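Structure, as structure tokens:
Numbering (our numbering), first residue to last: 1299 to 1588.
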């Protein structure tokens, strides 16, 4: 399926902005200090003295990891390089989540596809156990050829999903119209690589080609400028959060709003807020505040 394209002038401007953002260096972190590989029987691996983490999937099992810390608000960055080649049926999930039946969650999910077809970047936000807020995108680059930075900005007013510094989605706090917002439950970072060929590629029509296994996704350059939650308390006080953590009250300036609109116009392929067949009684109330 061909990607939608913008005008040449808009493409040039966006490419220039994207290249500029790609030069913003992230502080390299030792992933072994921040994450535990939690399942996969050795399919999850640390390498380069903890600078690189990889997850693998074969017919027997996938693999996954989680952060040692819990967070309550923050700016989270991770560089990922996704499964190359024929990745149909595989899903690489990278997300924040709390526990319990009324959990909160902020999702990046990368849905693999046949060689030559684009990955689908699937996003969702759960609050108090309620999700069904999917937006899906193609990317303007090959996410399997190199590492790219996937970021979540989460503060009391909004959640912003970004790719290489370019915002692709904003979910605003809409408590004023009765929509719960993730702001009271600390969340860990999780990632997993797993087989979802019952639904992930064309509704499950395309199955995983196990002759291509093992499938591998790689991670590096994690950075969390965030409030760590420990023993029932946050590492951020109300005064320090606003004075030293600019992300705590950050919103998008005009330039980023324009970049968001550009991505959503040219690369968004599904938006629950426009799916009137799915919501015959009317679109969800938070859609009117975006």
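Just so you know, even glycine gets a beta-carbon here, dropped at the ideal spot from N, CA and C. Please read all numbers here as calculations on a predicted model, not as lab measurements.
{"Asked": "So what does DSSP say about residue 1406, is it helix, strand or coil?", "Found": "strand"}
{"Asked": "Below 8 Å, how does it come out for the segment 1500–1520 and the segment 1352–1360: are there three or more Cβ pairs, yes or no?", "Found": "yes"}
{"Asked": "Please state the DSSP three-state secondary structure of residue 1382.", "Found": "coil"}
{"Asked": "Jot down the residue ranges of each uninterrupted alpha helix (DSSP H) in the segment 1385–1459, minimum 4 residues, whole runs only, in chain order.", "Found": "none"}
{"Asked": "With a cut-off of 8 Å on the beta carbons, I'd call residue 1350 and residue 1484 a contact; round off their distance for me.", "Found": "Not a contact, Cβ separation roughly 27 Å."}
{"Asked": "How about residue 1272 and residue 1558: are their beta carbons less than 9 Å apart?", "Found": "Within the shown structure, residues of the chain are numbered from 1299 to 1588, placing residue 1272 beyond reach of any answer."}
{"Asked": "Please state whether DSSP places residue 1565 in a helix, a strand or coil.", "Found": "coil"}
{"Asked": "Using the C-alpha atoms, what's the distance from residue 1461 back to residue 1495?", "Found": "26 Å"}
{"Asked": "Is the number of C-beta pairs between the segment 1331–1340 and the segment 1454–1471 that are closer than 8 Å three or more?", "Found": "no"}
{"Asked": "Helix, strand or coil: how does DSSP classify residue 1367 here?", "Found": "coil"}
{"Asked": "Can you confirm whether residue 1581, when its beta carbon is compared against all beta carbons of chain C, has any partner nearer than 9 Å?", "Found": "Absence of chain C from the displayed structure is noted, only one protein chain being present."}
{"Asked": "What do you get for residue 1568, buried or exposed, if any count of 16 or more other CB atoms within 10 angstroms of its CB means buried?", "Found": "exposed"}
{"Asked": "Cβ of residue 1354 within 9 Å of Cβ of residue 1343?", "Found": "yes"}
{"Asked": "Let me confirm a value: residue 1444 is counted as buried when at least 16 other C-beta atoms fall within 10 Å, else exposed. Which label applies?", "Found": "exposed"}
{"Asked": "Starting from residue 1334, trace the beta strand (DSSP E) both ways and give me its first and last residue.", "Found": "1333–1337"}
{"Asked": "Taking the straight line between their C-alpha atoms, what separation do you get for residue 1572 and residue 1407?", "Found": "21 Å"}
{"Asked": "Between residue 1517 and residue 1581, what straight-line distance do the alpha-carbon atoms span, to the nearest angstrom?", "Found": "36 Å"}
{"Asked": "Pick out whichever of 1488, 1508, 1509, 1412 has its Cα sitting closest to the Cα of residue 1520.", "Found": "1488"}
{"Asked": "Tell me, to the nearest whole angstrom, how far the beta carbon of residue 1468 is from that of residue 1550; I am working on the premise that it is less than 8 Å.", "Found": "7 Å"}
{"Asked": "Quick one: what does DSSP say residue 1357 is sitting in, helix, strand or coil?", "Found": "coil"}
{"Asked": "In three-state DSSP terms, what is residue 1473?", "Found": "helix"}
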